[in-house]
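Down below is the structure, laid out as structure tokens.
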Amino acid sequence: MTALSQEEILQSTRTVLQGLEALKDEHESIKGTLVSSIQGLHADESALIEEKTHIVDKNLEMLRLGIEEAQVMMALAGHLQTVEAEKQKLKAQVRRLCQENAWLRDELNSTQQKLQATGQQVAQLEEEKKHLEYMNSIKKYDDQQENDKTMDQNDNRNDNTLQDLGFGPEEDEEISGHMSGQFAHPTPAHSMAASASAGYEIPARLRTLHNLVIQYASQGRYEVAVPLCKQALEDLEKTSGHDHPDVATMLNILALVYRDQNKYKEAANLLNEMLRLDASFSKLAASLHYVKNVLVKIIPLLRQHSIIWQCYMGNGVNIRMQNHFLRELWKSEKMFVL
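Count the sequence shown with UniProt numbering and you get residues 1 to 338, in order.
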């Protein structure tokens, strides 16, 4: 048996409803005829008419029930059709929203990619800006670097002049302890520069950092000089390793800056580390210990004999890097005889 569709069921229900309404009208007509004919009849005939009327009433009740059920089915079918139409409408809206959602996702991905590219460009531009600012700051200290080179040349000429006057290693036994006085001023910039460039070539960028440290230290701006010096030391350790002459020189400069700040404990630690590195460069550890003891004695005379200190200290650091420690000792102590 073939299943009927919803439309066929509705059509059959309409047909049945029309038939039920026709039967209802017919039964009501029969009932009216029976009721009108009951008057003037005998008791037996009246009882028969009443029985027929009762049967007609019962049939009318069943017809009304069937009509009501058919009307309910028709109303339910109409409601279902309305719901189905609304359902289809909502499905269409869902499909449209899904399409819009997919389009928005594509737009979001595209925007995120553009944002990421823009962020990369901004980061690159910021790096370029920092680089340009750094190059500009380096440019400002070109003149200072030239002045330092000129001062180094003058130091070399002063060393040669002192050697021509007859001061040599053979006069070491004539050195006596004439040390006295106190120091209370920052380390001269040219002494630090001599320590930073003695005996070997420093890369241009690190030389510039050294000059910046010297510049800030001479101005008393230690809050800038110390971080800059630490950054230079960190760069040296990354590029050349911890056990390198450049690291020892940078430790020496940082120790001088700490000493000028009266941070003697930090300065002593850095000097000990520098001497440890120097000991690894040479097997003359005893000479280094002797040099350390003498340097502790001659530091208070830095201000009293600043010019001679500059000459001998620069030459003494150069000789130290060549492992001539005894001659460096004599060069550093010779100032007291003068």
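Using N, Cα and C, we set each Cβ at its ideal position, and we do this for glycine too.
Item: Between the Cα of GLY66 and the Cα atoms of LEU23, LYS87, GLN116, VAL94, which residue gives the shortest distance?; Value: LEU23
Item: Is HIS244 helix, strand or coil by DSSP?; Value: coil
Item: Mind checking whether LEU256 and LEU270 have CB atoms under 7 Å apart?; Value: no
Item: If you follow the alpha helix (DSSP H) that ARG14 is in, where does it begin and where does it stop?; Value: 6-37
Item: Would you mind stating whether ALA248 and LEU209 have Cβ atoms separated by less than 7 Å?; Value: no
Item: Cα separation between LYS52 and ILE9?; Value: 35 Å
Item: Relative to the C-alpha of GLU28, which candidate in SER37, ASN59, THR15 has its C-alpha closest?; Value: ASN59
Item: If you reduce the DSSP assignment to three classes, tell me which class LEU125 lands in.; Value: helix
Item: Would you say ALA217 and ALA225 are within 7 Å of each other, going by their C-beta atoms?; Value: yes
Item: Just confirm the distance between the C-beta atoms of ILE55 and SER37, as a whole number of angstroms; I'd bet it's less than 8 Å.; Value: Not confirmed; about 15 Å, so no contact.
Item: Do THR13 and residue 405 come within 7 Å of each other at the CB atom, strictly closer than that value?; Value: Outside the modelled stretch of the chain, which goes from 1 to 338, sits residue 405, for which no answer is possible.
Item: Quick one: Cα of PRO227 to Cα of MET250, how far?; Value: 13 Å
Item: If we call anything under 7 Å between Cβ atoms a contact, is TYR141 one with ASN252?; Value: no
Item: With a 10 Å radius around its C-beta and 16 neighbouring C-beta atoms as the bar for buried, classify LEU20 as buried or exposed.; Value: buried
Item: Is it the case that the Cβ atoms of GLU17 and ALA102 are separated by a distance below 7 Å?; Value: The amino acid occupying residue 17 in the given sequence is Leu; Glu does not appear at that position. Result no, Cβ atoms of LEU17 and ALA102 do not sit closer than 7 Å.
Item: What residues in its chain sit with their C-beta under 7 Å from that of GLN11, if we drop five residues either side in the sequence?; Value: none
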